[in-house]
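A quick write-up on the structure given underneath.
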Amino acid sequence: MLNIVKSISILCLVSGLISCIFYVFFNISPIGIFLLCSIIQLTSSWYINTYINYKNNKLIMSQQSELISRIESEATIAPCTYCDHENMIPITPNENNDFECISCGEMNGVYVNITIAQKTVPIDAEPYEVTSFNSSKSNIPDVIKADNSNNDDEE
Ligand SMILES: [Zn+2]
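Residue numbers (this note's numbering): 1 to 155.
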């Protein structure tokens, strides 16, 4: 309520000052200038507020999506040892990762197990074919093919 009174008094003060200046220097009717100034101030303040809200919402959205992606990359699904309910818990190395089950409220301890594996590199080979056609037989020289067909005729 105090903010509204403050805003209206500032609006009237600015509009009154500008209309006084216009009346003194240009002898223009102060009421028209006062109304015009008030409308301009109201629309510009509305526009600025909308813009600020839009910027803030955009910032909050980007922060939330960043937080969610961070949680997703560091979190894991752990079943509760009491009720077997699956909990999504963030895992941070070198810290206590104990969590409270969201289903039964019991505290669970987390022990992080590190698994070491050899890294594999994709080999430079032709991919497997998923077809009944045997491409290796299509490269048989024509002479052999002809021989086979002659043998077939004799039988
Ligand atoms: Zn539980």
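From the three backbone atoms N, C-alpha and C, an ideal C-beta is built for every residue, glycine too.
Treat the numbers as computed from the prediction; the structure is a model and nothing was measured.
Closer than 6 Å: residue i CB and nearest ligand 1 heavy atom
{"i": "Glu126", "result": "no"}
{"i": "Ser103", "result": "yes"}
{"i": "Glu106", "result": "yes"}
{"i": "Tyr47", "result": "no"}
Assigned exposure category for residue i - 16 Cβ within 10 Å defines buried
{"i": "Phe26", "result": "exposed"}
{"i": "Ser7", "result": "exposed"}
Per-residue DSSP class, three states only, for residue i
{"i": "Asn49", "result": "helix"}
{"i": "Thr76", "result": "strand"}
{"i": "Asn108", "result": "strand"}
{"i": "Asn3", "result": "helix"}
{"i": "Leu11", "result": "helix"}
{"i": "Glu155", "result": "Per-residue confidence for Glu155 stands at a pLDDT of 47, beneath the threshold of 50, marking its modelled position as unreliable; the derived number appears in the next sentence. Coil, per DSSP."}
{"i": "Pro91", "result": "A quick correction: the sequence has Ile, not Pro, at residue 91. Correct three-state label for Ile91: coil."}
{"i": "Glu126", "result": "coil"}
Assumed close pair residue i, residue j - CB separation to whole angstroms, cut-off 8 Å
{"i": "Ile102", "j": "Asn113", "result": "Going by Cβ atoms, the distance from Ile102 to Asn113 rounds to 23 Å, so no, they are not a contact pair."}
{"i": "Gln41", "j": "Ser9", "result": "Not quite, the Cβ-Cβ distance comes to about 12 Å (not below 8 Å), so this is no contact."}
Ligand 3 heavy atom lying under 6 Å from the CB of residue i
{"i": "Tyr51", "result": "Ligand 3 is not part of the structure shown, which contains ligand 1 as its ligands."}
Review point. Does the stretch 44-61 touch the stretch 75-83, meaning 3 or more C-beta pairs lie closer than 8 Å?
Key: no
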